[in-house]
Amino acid sequence: MFKSICKISSRMAPSACRTMLARPVMANSILAQRFYSANLSQDQISQRVIDVIKAFDKNSPSIANKQISSDTQFHKDLGLDSLDTVELLVAIEEEFDIEIPDKVADDLRSVGETVNYIASNPDAN
Amino acid sequence: MPGVTAPTRGQVLSLYKQFIKNSNQFNNYNFRQYFLRRTRDTFRENVNQKDPKVLMNLFKDAKNELGVLKRQSVISQMYTFDRLVVEPLKGRKH
Chain A
1 MFKSICKISS RMAPSACRTM LARPVMANSI LAQRFYSANL SQDQISQRVI DVIKAFDKNS
61 PSIANKQISS DTQFHKDLGL DSLDTVELLV AIEEEFDIEI PDKVADDLRS VGETVNYIAS
121 NPDAN
Chain B
1 MPGVTAPTRG QVLSLYKQFI KNSNQFNNYN FRQYFLRRTR DTFRENVNQK DPKVLMNLFK
61 DAKNELGVLK RQSVISQMYT FDRLVVEPLK GRKH
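So the sequence lines, in the order shown, correspond to chains A and B.
All residue numbers for the first sequence refer to full-length UniProt numbering, where the first residue is 1 and numbers rise by one.
All residue numbers for the second sequence refer to full-length UniProt numbering, where the first residue is 1 and numbers rise by one.
What follows is the structure in structure tokens.
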């Protein structure tokens, strides 16, 4: 693992590599920073979430013709019931390679809430 | 018989989620679609079921079936299957 840190950082600053290994605490903070900066932007996430929703049920005209914004509610605006919502969240989980715990999934009722949750999840990619 | 309690909404949704997730894991298109269809149909069929006794039995049966589904999806992943013409080339599902 440290080798890969070394490789990443040596690309940025070749001389910094050794110092970082000698001070693992610092290396960690740089690593974390790097990963967070490589993280998805809010816009990217919401675009991908919207794509998943559009692809979710092509047969349903209520979704295909709707403008989806961050205020869009799964139940009220898209007409999804609880089973549909669960299925949609599974599709979103697979898109971002994360796992949404049941407790959190229960509270996700709109596109915006889902985007915020994904943005706060460091595993999302 | 004491202790006949219907499964809660959360329990049922969590079970549904596991069914969908495990069905998605099948490598073979036909199996995958079949289990997704079957899961949706069975859950929808009982959407308005109110009787706690029936609900408890359904829940118990579904749990057994989930076990079967999990085993079979793992077995399915041990084999490779050719893609069917109906399958999209990039990625899968949706």
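Every residue, glycine too, gets a C-beta built ideally from N, C-alpha and C.
Among A:Phe56, A:Asp43, A:Gln47, nearest to leucine 89 of chain A - alpha-carbon criterion: A:Phe56
Where the alpha helix (DSSP H) containing glutamate 94 of chain A begins and where it ends: 82-96 is the extent of the alpha helix (DSSP H) around glutamate 94 of chain A.
Contact with chain B by valine 86 of chain A, beta-carbon distance below 7 Å: Valine 86 of chain A counts as touching chain B.
Contacting positions in the stretch 70-86 of chain B - beta carbon closer than 8 Å to chain A: none
Identity of the residues DSSP links to serine 110 of chain A by a beta bridge: Answer is A:Gln73, bridged to serine 110 of chain A.
Cα-Cα separation, threonine 20 of chain B to leucine 83 of chain A: Checking the sequence shown, residue 20 of chain B turns out to be isoleucine, not threonine. If you take the alpha carbons of isoleucine 20 of chain B and leucine 83 of chain A, they lie about 10 Å apart.
Backbone secondary structure at phenylalanine 81 of chain B - three-state DSSP: coil
Beta carbon of serine 76 of chain B nearer than 7 Å to that of asparagine 28 of chain B: Yes, the pair counts as a contact, with Cβ atoms nearer than the cut-off.
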